[in-house]
Amino acid sequence: MAKFEYAPAPESRAVVDVAPSYGLFINGEFTESQGGSAFKTVNPATEEVLSEVADASAADVDRAVAAARRAYNGAWGRMSGADRGKYLFRIARILQERAREFAVLETLDNGKPIKESRDVDVPLAAAHFFYHAGWADKLEYAGLGTNPRAHGVVGQVIPWNFPLLMLAWKIAPALATGNTVVLKPAETTPLTALLFADVVQQADLPPGVVNIVTGAGATGQAIVDHPDIDKLAFTGSTGVGKMIARSIAGTRKKATLELGGKAANIIFEDAAIDQAVEGIVNGIFFNQGHVCCAGSRLLVQENIAADVERRLKRRLETLRVGDPLDKNTDVGAINSKAQLSRITELTDAGEAEGAERWDNGCELPAKGFWFRPTVFTGVSQTHRIAQEEIFGPVLSVLTFRTPQEAVAKANNTPYGLSAGVWTEKGSRILWMADQLRAGVVWANTFNKFDPTSPFGGYKESGYGREGGRHGLSAYVTTESNG
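Letter by letter, the sequence shown follows residues 1 to 482 of the UniProt record's numbering.
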């Protein structure tokens with residue numbers, strides 16, 4: 001199929017100033033690490049070193065938690081909800097004003113296409129602060145229980161796939177409900193969190209309300225284990241989530257865990273096929289498939305499977321893979337060498353187990369971490385690619401005959417985060433949504449997010465909800481829930 005050729009349309013890097021090194025953000029100011037080392041963060045599209053970042057020690061985490069506790073016991077804890085809301089509104093407006101700067105930095109550090117950073121990540125991050133700002137003085141009317149009040153100091157650990165957006169998902173509800181925060185960004189994508197620290201200063205947020213400590217697993221473990229942390233919020237792998245649950249078992253700490261997924265995207269014979277194909281592409285190739293709720297398992301009704309596969313492959317031949325800063329790019333770079341190795345291992349296993357592999361054959365850049373959008377057909381329920389989370393641009397196609405079989409196959413996974421249903425029958429959508437063990441079920445769309453809507457899963461996809469009124473409940477304690 002002939003493809004349109006696009007002239008390069010690169011976004012300017014000049015809009016963001018990346019410092020050669022960064023310290024930690026504790027008690028309202030940047031500070032050097034005490035006893036910690038440093039690590040490099042790289043651009044996954046070029047393998048160029050962007051900056052050197054402090055690797056926080058346990059002593060640094062102590063300082064951050066102490067600063068958060070002082071702020072909670074001091075100005076922030078005594079502040080009215082209306083005044084807290086003003087700070088959140090201010091942060092939201094600053095994010096909007098500096099949106100281009102944040103979008104370029106996110107793309108440099110993460111590898112995702114600039115059009116996704118610009119049109120999805122940064123606007124949604126601002127929207128979360130706007131939405132939660134509105135709740136700050138209305139918590140007693142949110143149906144959370146009697147006399148809702150903050151837990152105190154919240155430890156938050158976020159992943160590398162949506163660095164700024166996950167920060168907003170975590171920090172906005174915590175501040176709206178009166179908590180203070182110690183947040184650790186992922187070690188491969190710390191730069192937008194550190195730029196957010198600049199926003200915290202610009203907004204004149206009281207010192208210690210938000211503290212940002214960078215580092216790898218040991219830094220996150222120090223936050224989890226710290227005795228003065230009241231509540232934990234984690235988004236990441238199921239394996240790490242299980243470790244956190246074990247670590248806090250028997251303690252007073254509360255936790256929300258948003259973990260992995262292996263979502264089914266279910267296409268019925270009466271679906272609008274071209275619309276569904278766009279939903280399939282958005283479901284698995286958005287953000288290079290680095291999405292916990294990605295529609296990585298495509299379940300197609302048997303009698304339309306050949307037609308859907310043909311149209312899908314034709315559509316994938318038009319996807320543009322390359323420079324994430326180019327505004328025409330559809331699929332950017334894989335976030336790290338380690339993640340690329342994981343994707344390669346699982347796709348090799350798919351071939352070895354007998355599934356048929358197809359990719360669009362596009363040319364890949366010589367430098368950086370890249371993987372072509374890939375589709376597997378002839379997949380069975382027992383294949384690793386149908387059971388394990390790949391977290392990359394890889395789609396497994398299975399078929400079904402009846403709605404009951406679709407439900408059985410969709411639910412046959414350790415995960416339960418999301419699902420998609422494509423059909424013209426409203427009654428079938430409602431029946432499927434009731435039967436599917438998934439926290440989010442999209443109808444005739446996929447990967448749509450809104451701050452007002454709760455997000456979270458069942459089974460090994462974690463527990464608790466983020467976003468919406470339900471997401472507020474994780475950040476408060478009440479007389480009715482202790």
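For each residue, glycine too, the CB sits at the ideal point set by N, CA and C. Note that the coordinates shown come from a computational prediction; the quantities given were computed from them, not determined experimentally.
Asked, Found
"Segment limits, beta strand (DSSP E) that includes F446", "First-last for F446: undefined, no H or E at that position."
"Selected residue, minimal CA-CA separation from A222, among R13, E363, T399, A56", "A56"
"Span of the alpha helix (DSSP H), counted from its first residue to its last, around A197", "191-202"
"Contact the region 92-100 vs the region 68-80: 3+ CB pairs below 8 Å", "no"
"Terminal residues of the alpha helix (DSSP H) in which N265 lies", "Here N265 belongs to no alpha helix (DSSP H); instead the beta strand (DSSP E) covers 264-267."
"Per DSSP, cross-strand counterpart(s) of A54", "A38"
"Per-residue burial, T251 [other beta carbons within 10 Å of its own, 16 or more giving buried]", "exposed"
"Exposure label - V49; buried when at least 16 CB within 10 Å", "exposed"
"DSSP-derived helix/strand/coil call for N411", "helix"
"N-terminal and C-terminal residue of the beta strand (DSSP E) that D359 is part of", "356-359"
"Spatial distance of L108 from E101 (CA atoms)", "11 Å"
"Which listed residue (F162, E389, A333) has its alpha carbon closest to that of A349", "E389"
"Of the residues P159, V277, G81, G260, the one placed nearest T318, counting alpha carbons only", "V277"
"Within 8 Å, strictly: CB atoms of A410 and G368", "no"
"Neighbour-count burial assignment, E479, 16 or more Cβ in a 10 Å radius", "exposed"
"Every unbroken beta strand (DSSP E) inside the region 257-315 [3 residues or more]", "264-267, 297-301"
"As assigned by DSSP and simplified to three states, the class of G468", "helix"
"Straight-line gap, P403 to V397 (C-alpha atoms, nearest Å)", "16 Å"
"Under 8 Å between C-beta atoms of K254 and H132", "no"
"Reduced DSSP category for Y72 - H, G, I as helix; E, B as strand; rest coil", "helix"
"Short CB-CB distance (under 8 Å) between T192 and chain D", "As a matter of chain content, chain D is missing from the structure shown, which is built from one protein chain."
"Euclidean distance between Cα positions of G261 and V407", "16 Å"
"L325 (DSSP reduced to helix, strand or coil)", "coil"
"Cα-Cα separation, T235 to E258", "5 Å"
"Own chain partners of H128 with C-beta closer than 7 Å, once the 5 adjacent residues on each side are dropped", "A168, W169, A172, P451"
"Residues near N287 by beta carbon distance below 7 Å, same chain, minus five either side", "K112, E116, N161"
"Per DSSP, cross-strand counterpart(s) of L144", "BP columns for L144 are empty, so no partner."
"Span of the beta strand (DSSP E), counted from its first residue to its last, around G420", "418-422"
"Contact check, S461 vs G416, beta carbons under 8 Å", "yes"
"Delimiting residues of the beta strand (DSSP E) encompassing Q156", "153-157"
"Inter-residue Cα distance where the pair is residue 536 and V224", "Residue numbering for the chain in the displayed model covers 1 to 482; residue 536 lies beyond these limits and cannot be assessed."
"CA-to-CA distance, R311 to E32, given in whole angstroms", "54 Å"
"Span of the beta strand (DSSP E) around residue 486", "Residue numbering for the chain in the displayed model covers 1 to 482; residue 486 lies beyond these limits and cannot be assessed."
"Close beta carbons around F446, own chain, < 7 Å, minus the five adjacent residues each side", "N265, G279, N282, G283, G295, G420"
"V267 and L299 closer than 8 Å at C-beta", "First, the amino acid is wrong: residue 267 is Ile here, not Val. In contact: I267 and L299 (Cβ atoms closer than 8 Å)."
"Cβ contact (3+ pairs, closer than 8 Å) linking the region 362-376 and the region 427-434", "no"
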